[in-house]
Amino acid sequence: MTSAPLEDPELVTKVRARDPETLERIVRAYLRQIERAGRGAGLNAHQAEELAQATFVTFIETAPRFEGRSKVRTWIFGIFFRKLQEARRGFAKDRKLDDIDDVFESRFDDGGHWIAQSSSPTTDLDSKEILREIDDCLDSTPERQRLAFILREVEQLETEEICNIMGITATNLGVMLFRARNRLRECLESKGYER
Numbered sequence: 009m010t011s012a013p014l015e016d017p018e019l020v021t022k023v024r025a026r027d028p029e030t031l032e033r034i035v036r037a038y039l040r041q042i043e044r045a046g047r048g049a050g051l052n053a054h055q056a057e058e059l060a061q062a063t064f065v066t067f068i069e070t071a072p073r074f075e076g077r078s079k080v081r082t083w084i085f086g087i088f089f090r091k092l093q094e095a096r097r098g099f100a101k102d103r104k105l106d107d108i109d110d111v112f113e114s115r116f117d118d119g120g121h122w123i124a125q126s127s128s129p130t131t132d133l134d135s136k137e138i139l140r141e142i143d144d145c146l147d148s149t150p151e152r153q154r155l156a157f158i159l160r161e162v163e164q165l166e167t168e169e170i171c172n173i174m175g176i177t178a179t180n181l182g183v184m185l186f187r188a189r190n191r192l193r194e195c196l197e198s199k200g201y202e203r
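Spelled out as structure tokens, the structure:
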């Protein structure tokens, strides 16, 4: 069988029919992104994994209602966002995070975007320290700003997708990203990371 691209219009029919191969391809394509988004939203590895599982269970259960008015990825991230809001109500205050090396594979640059790191041992040690500091700074960022930042900068979703997922306008997203970047920059500067 020839697989249709994950955003092909014929995919809607296959998703609605709960075609096992199509659903498996979609889960495989987006599982890591959903887990990373959960970790980026401040969940520990176990919580992020559980949230990803709940997201895909809901995705499969509601597949017959998918109308194709958005991309599959947008729809899945929308489910993720609602599940995250539900989960936050149920999680205990203890949010000690695991090592974030698996979450962030990049670093914040002067232009407000994540850039790839080199792989020398010294750079890797510096990178781990910076990533821990970034995580600490993001932890103090309001939840919706942090999630908008993660969806944009780490998951690299488009503005329209993020707005659909979070139920906000492009202007509101711009303000949230501006505030998150400034808060992150100020926090890192207060920790001694100057430009």
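Position in the sequence shown (from 1) plus 8 gives the number in the numbering used here. No residue lacks a Cβ here, since even glycine has one placed at the ideal position from N, Cα and C.
For residue j and residue i, believed in contact at Cβ under 8 Å, the rounded distance
i: E43; j: A25; result: Wrong, their Cβ atoms sit about 27 Å apart, outside the cutoff.
i: A71; j: L39; result: With 8 Å as the limit, A71 and L39 do not qualify as a contact, their Cβ atoms being about 16 Å apart.
Contact check, residue i vs residue j, beta carbons under 7 Å
i: Q7; j: E163; result: Since the first and last residues shown for the chain are 9 and 203, residue 7 lies out of range.
i: V35; j: F74; result: no
i: L92; j: A49; result: yes
i: L4; j: A156; result: Any question about residue 4 goes unanswered here, given that the chain covers just 9 to 203.
i: G86; j: I158; result: no
Separation of residue j from residue i, as counted between CA atoms
i: I84; j: F64; result: 8 Å
i: L19; j: I138; result: 41 Å
i: I142; j: R154; result: 11 Å
i: R96; j: S198; result: 28 Å
i: K136; j: D144; result: 12 Å
i: K79; j: F67; result: 13 Å
i: T21; j: D27; result: 9 Å
i: K33; j: F88; result: Residue identity check: residue 33 is Arg in the sequence provided, not Lys. Taking the straight line joining both Cα atoms gives about 18 Å.
i: C171; j: A37; result: 21 Å
i: L59; j: R81; result: 16 Å
i: L51; j: L146; result: 12 Å
i: T167; j: G175; result: 12 Å
Assigned exposure category for residue i - 16 Cβ within 10 Å defines buried
i: T179; result: exposed
i: E169; result: buried
i: T177; result: exposed
i: G46; result: buried
i: R77; result: exposed
i: E29; result: exposed
i: I69; result: One detail in the question is off: residue 69 reads as Glu in this sequence, not Ile. It counts as exposed.
i: G200; result: exposed
i: E161; result: buried
key: Validate contact between the segment 137-150 and the segment 185-196 using beta carbons, cut 8 Å, 3 pairs   = Taking a contact to require three or more Cβ pairs closer than 8 Å, the segment 137-150 and the segment 185-196 qualify as touching.
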